[in-house]
Structure formats: structure tokens, C-alpha cells
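Undergrad: Residue numbers (this note's numbering): 135 to 272. One structure coming up, written as C-alpha cells, with questions to follow.
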């Protein structure tokens, strides 16, 4: 048992809280890396921008997760209450942290979607056929 803010929390509870976000970041990072490798292989600017969106989201969300869990994650409220804050103050502090995280997540999602859409438009552009330098005809 781990003592967080005067409350005994089992390692299993912590693992259940942490694993989904780590798994999501791993899947997102691997898909971004595969897309990046494919973009370099095919020399495609559109695929590169799409992979950049995935990688930006992975890095920024990863940094946010590290910050969030360094504060104590969802158990942060118990730590604040144990330090002498009222329940209302601890809830307000927790809400600020949670909504900041939601804002960061939404902003990176918007950047990722914008880069994916822009990259897809670059891939699907109709390229006019090449013309010969010499005129064709009599």
C-alpha cells in the first residue's frame, strides 16, 4: 500500500489509473513513427505533415501526463486535504489542473487533426501531367 495524502492506495489502483493513458501514448507514438518512416521512404510532404501531427500530440500529451502524475494524479485532492485545505479548495485546485489538462489535450488534438487534413490535401492534389520542353506538332 502507498500512502497518498493520508489515504492508503494499492499499487493496483495506481496501475489501473496510469495504464490507459500510457497505452494510448504508446499507440499514438508508434503510429506517428511508422507514418514518419513511410513519409521519408516515399518522400511525401503530406505524409510528413500527418506524422508531425501525431508526434506533436504524443510529445505534448506525454509531457502533460508526466506533470499530472508528478502532482499525484487523481489522488492529488487527498494530498491537499491532508495538508489542511478544505474540500472545496482542494476540489477547485484539482478542477483547475484537470481543465488545464483537458485544454492541452484539446489543443494538441486540434493541431493533429489540422495537420492530418492539410497533409491529406497535399497527398490528394491532382498534379498536372508534365509537358515536354520541345513543342509538339509540325
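Glycine included, every Cβ here is placed at the ideal spot set by N, Cα and C. Keep in mind it's a predicted model, so treat the numbers as computed, not measured.
Could you name the residues of the same chain whose beta carbon sits closer than 6 Å to that of residue 211, not counting the 5 residues immediately before and after it, in chain order?
TA: So the list reads 224, 228, once near-sequence residues are dropped.
Undergrad: Can you tell me the Cβ-Cβ gap for residue 256 and residue 179, rounded? I've got them flagged as a contact below 8 Å.
TA: Going by Cβ atoms, the distance from residue 256 to residue 179 rounds to 6 Å, so yes, they are a contact pair.
Undergrad: Compute the Euclidean distance between the alpha carbons of residue 203 and residue 259, then round it to the nearest angstrom.
TA: So the alpha carbons of these two residues sit roughly 43 Å apart.
Undergrad: Using the Cβ count rule (16 or more neighbours within 10 Å means buried), how would you classify residue 192?
TA: Buried, by the Cβ-count rule.
Undergrad: Along the chain, which unbroken stretches of the alpha helix (DSSP H) at least 4 residues long are found entirely within the segment 218-254?
TA: List check, alpha helix (DSSP H) in window: nothing returned.
Undergrad: Give me, in chain order, the residues of the same chain whose beta-carbon lies closer than 7 Å to that of residue 173; leave out the 5 immediate sequence neighbours on both sides.
TA: Counting only Cβ-Cβ distances below 7 Å, and skipping sequence neighbours, we find 181, 182, 185.
Undergrad: Within 10 angstroms of its Cβ, does residue 243 collect 16 or more other Cβ (buried), or is it exposed?
TA: Exposed.
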